[in-house]
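**Q** Listed in order, the protein sequences are those of chains A and B. The opening residue of the first sequence carries number 1 in our numbering; numbering runs sequentially from there. The opening residue of the second sequence carries number 111 in our numbering; numbering runs sequentially from there.
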Amino acid sequence: GQQVMQIPQYQHVQEGEDFTTYCNSSTTLSNIQWYKQRPGGHPVFLIQLVKSGEVKKQKRLTFQFGEAKKNSSLHITATQTTDVGTYFCAEYQAGTALIFGKGTTLSVSS
Amino acid sequence: EAGVTQFPSHSVIEKGQTVTLRCDPISGHDNLYWYRRVMGKEIKFLLHFVKESKQDESGMPNNRFLAERTGGTYSTLKVQPAELEDSGVYFCASSQGQEQYFGPGTRLTVT
Numbered sequence: 001g002q003q004v005m006q007i008p009q010y011q012h013v014q015e016g017e018d019f020t021t022y023c024n025s026s027t028t029l030s031n032i033q034w035y036k037q038r039p040g041g042h043p044v045f046l047i048q049l050v051k052s053g054e055v056k057k058q059k060r061l062t063f064q065f066g067e068a069k070k071n072s073s074l075h076i077t078a079t080q081t082t083d084v085g086t087y088f089c090a091e092y093q094a095g096t097a098l099i100f101g102k103g104t105t106l107s108v109s110s
Numbered sequence: 111e112a113g114v115t116q117f118p119s120h121s122v123i124e125k126g127q128t129v130t131l132r133c134d135p136i137s138g139h140d141n142l143y144w145y146r147r148v149m150g151k152e153i154k155f156l157l158h159f160v161k162e163s164k165q166d167e168s169g170m171p172n173n174r175f176l177a178e179r180t181g182g183t184y185s186t187l188k189v190q191p192a193e194l195e196d197s198g199v200y201f202c203a204s205s206q207g208q209e210q211y212f213g214p215g216t217r218l219t220v221t
């Protein structure tokens, strides 16, 4: 079945450094959603990308959807300790549910 | 607006016992989903209700899992009998559109 691959699995950065997580699919994605799960918490929706080449920003977070709609990235500029958690990409398949990547767990040291 | 709630937050049971998880979606949300995350792995889809009907249950691991959503409001997920590999965090989510709202999850430990 459809799989969304996400790398890296873990990333540790110093506060103030940048961070990027990548999602890839072997097939064209209809859309890509990004979720953040804080330690001990639950996934919280961040954003959805639908169009080829789409770029959206939320403060220090930049989300991109590839031209071929087979990959996506989330970039955080100047990380803060509040950014810690696991970031998941997921494809929403209409009529069914979200297909998640394995997530990237970000830790930040001050 | 109240979010998605789940009960219990934690459950520890022995292999062979039965456990029932409950999810109360956001009021008015027709779509209700169950997911499971086993430690270190991805969040996996279990099943999807639209109102009281099962839209897709292709992710249910086996017939030890039974989900219901009587009346199209809250949902229950029963595991009977529980096995060790059933341990994990069970999330419920609800939606009216494409954005899904997740509950806090139930952490199930089978010993």
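Every residue gets a Cβ at the ideal spot worked out from N, C-alpha and C, and that includes glycine.
Using C-beta distances below 8 angstroms, list every residue in its chain close to B/Ala177, excluding the 5 sequence neighbours before and after it, in chain order.
**A** Closer than 8 angstroms at the Cβ level, and outside the excluded window around B/Ala177, lie Trp144, Leu156, Leu157, Phe159, Lys164, Glu167, Met170, Ser185, Thr186, Leu187, Lys188.
**Q** With H, G and I counted as helix, E and B as strand and the rest as coil, what does DSSP make of A/Leu29?
**A** If DSSP states are grouped into helix, strand and coil, A/Leu29 belongs with coil.
**Q** Quick check on this structure: which residue in A/Lys59, A/Asp18, A/Val50 has the alpha carbon closest to the alpha carbon of A/Gln93?
**A** Ranking the options by Cα distance to A/Gln93, first place goes to A/Val50.
**Q** Under 8 angstroms between beta-carbons, which chain A residues line up against B/Tyr143? List them in chain order, please.
**A** Within chain A, the residues near B/Tyr143 are Ala97, Leu98.
**Q** For A/Tyr92, would you say it is in contact with chain B, using Cβ-to-Cβ distances shorter than 8 angstroms as the test?
**A** Cβ-Cβ to chain B under 8 angstroms: yes for A/Tyr92.
**Q** Are the C-beta atoms of A/Lys57 and some chain B residue less than 8 angstroms apart?
**A** No, A/Lys57 lies away from the interface with chain B (no Cβ there is under 8 angstroms from its Cβ).
**Q** Going by CA-CA distance only, name the one from A/Pro8, A/Thr104, A/Leu74 that's closest to A/Gly66.
**A** Nearest of A/Pro8, A/Thr104, A/Leu74 to A/Gly66, Cα basis: A/Leu74.
**Q** List the residues of chain A whose Cβ lies closer than 7 angstroms to the Cβ of B/His120, in chain order.
**A** Near B/His120 there are no residues of chain A at all, since even the closest Cβ is about 11 angstroms away, more than 7 angstroms.
**Q** Using alpha carbons as the reference points, say which of A/Ile32, A/Gln14, A/Lys70, A/Thr28 lies closest to A/Tyr87.
**A** Of the listed residues, the one whose Cα sits closest to A/Tyr87 is A/Ile32.
**Q** Give the list of continuous alpha helix (DSSP H) stretches no shorter than 4 residues that lie fully inside the stretch 129-171 of chain B.
**A** If we require 4 residues or more, the stretch 129-171 of chain B turns out to have no alpha helix (DSSP H) run fully inside it.
**Q** Are the beta-carbon atoms belonging to A/Val108 and A/Thr79 less than 8 angstroms from one another?
**A** Against a cut-off of 8 angstroms, the Cβ pair of A/Thr79 and A/Val108 comes out as a contact.
**Q** Using the C-alpha atoms, what's the distance from B/Gly113 back to B/His120?
**A** Whole-angstrom Cα-Cα distance: 18 angstroms.
**Q** Which whole-angstrom value describes the C-beta separation of A/Glu28 and A/Lys59, a residue pair presumed to lie in contact below a C-beta threshold of 8 angstroms?
**A** The amino acid at residue 28 of chain A is misidentified as Glu; the sequence shows Thr. Their Cβ separation, rounded to whole angstroms, is 29 angstroms, which puts A/Thr28 and A/Lys59 out of contact at 8 angstroms.
**Q** Taking the straight line between their C-alpha atoms, what separation do you get for B/Glu162 and A/Tyr35?
**A** So the two alpha carbons sit approximately 27 angstroms from each other.
**Q** From A/Leu61 to A/Ile7, what does the alpha carbon distance come to, in whole angstroms?
**A** Rounded to the nearest angstrom, the two C-alpha atoms are 17 angstroms apart.
**Q** Have a look at the DSSP bridge pairing and note the partners of A/Leu106.
**A** Answer is A/Gln11, A/Gly85, bridged to A/Leu106.
**Q** What does the alpha-carbon distance come out to for the pair B/Asp196 and A/Thr96?
**A** Between B/Asp196 and A/Thr96, the C-alpha separation is close to 22 angstroms.
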